[in-house]
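All residue numbers for the sequence shown refer to my numbering, where the first residue is 17 and numbers rise by one.
Yeah, the Cβ is synthetic: ideal placement off N, Cα and C, and Gly gets one too.
Bear in mind the structure is a predicted one, so any value in this text is a computation, not a measurement.
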Amino acid sequence: MKLRLLAIPLVVSLIVLAVVAIGDEPLTRDNWGASVGFAPDLNIEGFTPGTTVIDSSNVAQFEALLPDAVLKMVKKYGMKMETTPYQHYAPSDGYIAASNRYRGTARLIDIGDDTEKREIEDYEGGLPFVQPKDGREISWNYTLAYGGDDGENEFEVYWIDAKRGVERVEQWKTTHIRSRFRTDIEPLPETPFLVKKGVIFATLTTALKPFDKRGFSSLYYGYFEPKEPNGWLYIPSQRRAMQLTFGTRGETWNNTDLLYEDVRGYTGSPEWMRWRLVKKATMLAPMHAGVITEAGGAKKAFDMDAPPHWNPRVKWEPRPMYIVEAVPKLRGYPYSKMVFAIDAESSHIFTKTAYDRRGKLWKLLINAANGSPDPAKLPPQVALSLVVDVQSEHATAFYWLKQKNNIGVDARLFTLSTLRKMGR
Numbered sequence: 017m018k019l020r021l022l023a024i025p026l027v028v029s030l031i032v033l034a035v036v037a038i039g040d041e042p043l044t045r046d047n048w049g050a051s052v053g054f055a056p057d058l059n060i061e062g063f064t065p066g067t068t069v070i071d072s073s074n075v076a077q078f079e080a081l082l083p084d085a086v087l088k089m090v091k092k093y094g095m096k097m098e099t100t101p102y103q104h105y106a107p108s109d110g111y112i113a114a115s116n117r118y119r120g121t122a123r124l125i126d127i128g129d130d131t132e133k134r135e136i137e138d139y140e141g142g143l144p145f146v147q148p149k150d151g152r153e154i155s156w157n158y159t160l161a162y163g164g165d166d167g168e169n170e171f172e173v174y175w176i177d178a179k180r181g182v183e184r185v186e187q188w189k190t191t192h193i194r195s196r197f198r199t200d201i202e203p204l205p206e207t208p209f210l211v212k213k214g215v216i217f218a219t220l221t222t223a224l225k226p227f228d229k230r231g232f233s234s235l236y237y238g239y240f241e242p243k244e245p246n247g248w249l250y251i252p253s254q255r256r257a258m259q260l261t262f263g264t265r266g267e268t269w270n271n272t273d274l275l276y277e278d279v280r281g282y283t284g285s286p287e288w289m290r291w292r293l294v295k296k297a298t299m300l301a302p303m304h305a306g307v308i309t310e311a312g313g314a315k316k317a318f319d320m321d322a323p324p325h326w327n328p329r330v331k332w333e334p335r336p337m338y339i340v341e342a343v344p345k346l347r348g349y350p351y352s353k354m355v356f357a358i359d360a361e362s363s364h365i366f367t368k369t370a371y372d373r374r375g376k377l378w379k380l381l382i383n384a385a386n387g388s389p390d391p392a393k394l395p396p397q398v399a400l401s402l403v404v405d406v407q408s409e410h411a412t413a414f415y416w417l418k419q420k421n422n423i424g425v426d427a428r429l430f431t432l433s434t435l436r437k438m439g440r
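Structural data, given as C-alpha cells:
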C-alpha cells in the first residue's frame with residue numbers, strides 16, 4: 017500500500033512534465049512565430065511573392081489576402097502592391113527570455129463596462145498571452161508588444177490633398193523611453209525615476225522644420241493604469257508650457273488627419289474597448305517593406321506625383337494576421353468602431369479601418385516596417401505611416417528619416433524643465 021501511495025505523486029509528476037513538454041516548449045527565435053500565434057499559409061493559388069503585383073485590375077483574385085483598409089486603398093485610390101516572400105519574425109533575446117520567465121502568469125479579469133479598472137493582473141514582462149484565445153488577449157499582446165526600451169526618431173510629416181497634392185511639410189524629432197517591463201538594456205526591468213510617477217512610457221517631441229514651427233514641443237506620459245495619457249505642450253511664441261490630457265476626445269495630432277488614439281494604430285487603454293476576434297488568416301502586410309529611409313526619400317516611398325498623391329510604395333508579404341474589432345465603451349469617443357489587422361508574430365498593428373459616430377467609414381491607416389538591423393537586440397525599424405480621411409479626401413503621410421533604439425536614454429530627461437529647454 018505504501019509503494020502504491022508513493023507511486024501516485026510520481027505518476028502525477030510525469031503527467032505534468034509531459035504536458036509541459038508538449039504545450040509549453042520554451043520559446044526560441046526559431047519557433048517564436050508558430051508558438052506564440054500561428055504559421056502563415058504560404059501555399060496561395062496564383063500568388064508568387066516577388067513576382068505578383070496586385071492592383072485594381074486583379075484585386076478580385078486576391079481579396080482574401082487583403083485587410084479591409086488595404087482593399088479600399090486599392091479599389092478607391094488605385095494603390096499598387098508589390099509583393100515579397102514571407103520572412104520570419106522574432107523579438108529580441110531579452111523579450112523572449114522574459115516571455116519564457118513569466119509565461120502563463122498574466123490573466124484578465126472581467127471588468128464589464130468599467131473603463132477605469134485595470135483588467136490585467138500578475139503581468140511581469142514579455143508577451144502576456146502565448147496563443148491568445150480572444151480579442152482581449154490580442155489587444156494586450158499589442159499593448160505590451162516588443163518595441164525596444166528606448167529610442168530616437170526623426171521623421172517628416174506631409175499634409176496631402178487628393179487633388180492638389182502636398183500642401184505642407186514639417187520635420188520632427190522624438191525621444192522615447194519605456195520605464196516598466198524593460199527587457200534589453202539597463203536599468204532592468206524598470207527606471208525608478210518614472211515608475212514612481214506611475215509612468216510606463218514617456219515621449220519628448222519637438223519640431224525641427226520649418227522655421228515658423230521650430231521649437232514647438234510636447235512631453236507625453238503614458239500609464240499602465242487605464243487612464244488618459246497626459247503631459248505638457250510648449251508654445252515658443254508664448255514661452256510657456258500648457259498641461260494637457262491626450263487621447264479620448266478625438267484631438268488631432270498637430271492638426272493632421274491623425275488622432276492621438278491613432279498613433280501606432282491605437283494608443284488607448286485596452287479597458288476602453290470591447291474587443292472581438294473576427295478571424296485569423298494569412299494576409300498581406302508591409303512587415304519588411306523595403307523602404308529606403310533617407311533625406312529626400314519620401315517621394316520614393318509615396319507616389320506624390322499621381323493622384324491621390326499619397327499611395328505608399330512598399331512591399332507586402334504574407335503574414336499570420338488577426339483581424340480584431342474594437343467598439344468603445346467610452347461615451348463620446350470619436351470612432352464608433354475600429355477594425356485592426358494585427359500581426360500574430362510581432363503583435364503590431366499594420367492596418368486600421370475606423371468609422372465615425374454615425375457608423376460611416378472615416379479613416380484608413382497603414383503602418384509599414386523595415387525589419388530589424390539586429391533582430392536579437394533591436395526592434396523592427398519604422399518605415400512610414402499613412403492615415404487617410406476618406407470623407408474629406410485628405411491624408412497625412414509620415415516618413416521616417418532616422419531611427420535609433422536601445423541607446424541608453426536617461427529617464428530623467430522626461431521632465432517639464434527639459435521640455436522648456438527644447439522649445440527655446
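Check                                                                                                               : Outcome
Cβ shell of Ala-23 (< 8 angstroms), same chain only, five flanking positions each side left out                     : Bear in mind that the predicted position of Ala-23 carries a pLDDT of just 42, short of 50, making it too unreliable to give a figure here.
Nearest-angstrom Cα separation, counted from Gly-151 out to Ser-285                                                 : 14 angstroms
Beta-carbon proximity of Thr-272 to Trp-175, cut-off 8 angstroms                                                    : yes
Runs of beta strand (DSSP E) lying entirely within the segment 308 to 353, each at least 3 residues, in chain order : 331 to 344
Beta-carbon proximity check, Ala-223 vs Glu-186, cutoff 8 angstroms                                                 : yes
According to DSSP, residues forming a beta bridge with Leu-293                                                      : Val-340
Segment contact, 8 angstroms Cβ cut-off, at least three pairs: the segment 63 to 70 with the segment 93 to 107      : yes
Top-ranked residue by Cα proximity to Phe-430, from Pro-208, Ala-370 and Ala-357                                    : Pro-208
For Ile-127 and Glu-137, believed in contact at Cβ under 8 angstroms, the rounded distance                          : Incorrect: roughly 11 angstroms between the Cβ atoms, too far for contact.
Integer Cβ distance of Val-337 from Ala-360, believed to fall under 8 angstroms                                     : Residue identity differs from the one stated: residue 337 is Met in this sequence, not Val. Sure, about 6 angstroms apart at Cβ, within 8 angstroms.
DSSP-derived helix/strand/coil call for Asn-386                                                                     : strand
Nearest-angstrom Cα separation, counted from Gly-141 out to Ala-114                                                 : 6 angstroms
First through last residue of the alpha helix (DSSP H) which encompasses Glu-153                                    : 151 to 159
Rounded straight-line distance, which links the Cα of Asp-177 to that of His-410                                    : 5 angstroms
Host alpha helix (DSSP H) of Asn-116 (start-end)                                                                    : 109 to 117
Run of the beta strand (DSSP E) containing Ser-234, from where it starts to where it stops                          : 233 to 239
Where Thr-199 falls: helix, strand or coil (DSSP)                                                                   : coil
Coil, strand or helix - Val-215 by DSSP                                                                             : strand
Local Cβ density within 10 Å of Thr-100, reported as buried at 16 or more and exposed below that                    : buried
For Ile-216, the nearest candidate out of Asp-109, Ser-195, Asp-405 and Lys-229 (CA to CA)                          : Ser-195
Cβ distance (whole Å) where Pro-328 is taken to contact Ala-311 below 8 angstroms                                   : So it is not a contact: roughly 19 angstroms between Cβ atoms.
Three-state class that DSSP yields for Arg-45 in the structure shown                                                : coil
Beta bridge counterpart(s) of Ala-413 as assigned by DSSP                                                           : Tyr-174 and Leu-402
Check whether Val-52 and Leu-43 have beta carbons under 8 angstroms apart                                           : yes
Neighbour-count burial assignment, Gln-419, 16 or more Cβ in a 10 Å radius                                          : buried
C-beta contact flag for Asn-422 and Asp-165 at 8 angstroms                                                          : yes
Sufficient close CB pairs (3 or more, under 8 angstroms) joining the segment 289 to 299 to the segment 342 to 350   : yes
Below-8 angstroms beta-carbon distance, Lys-420 vs any chain B residue                                              : As a matter of chain content, chain B is missing from the structure shown, which is built from one protein chain.
Within 8 angstroms, strictly: CB atoms of Leu-381 and Ala-85                                                        : yes
Residues bridged to Arg-256 [DSSP beta-bridge criterion]                                                            : Ile-251
Exposure of Glu-132, with buried meaning 16 or more beta-carbon neighbours within 10 Å                              : exposed
Between the CA atoms of Leu-435 and Lys-243 - distance to the nearest angstrom                                      : 23 angstroms
C-alpha gap between Ser-233 and Glu-206, whole angstroms                                                            : 26 angstroms
Where Met-89 falls: helix, strand or coil (DSSP)                                                                    : helix
Local conformation of Ala-55 per DSSP, three classes                                                                : coil
Local Cβ density within 10 Å of Met-485, reported as buried at 16 or more and exposed below that                    : Since the first residue shown for the chain is 17 and the last is 440, residue 485 is missing from the structure and cannot be characterised.
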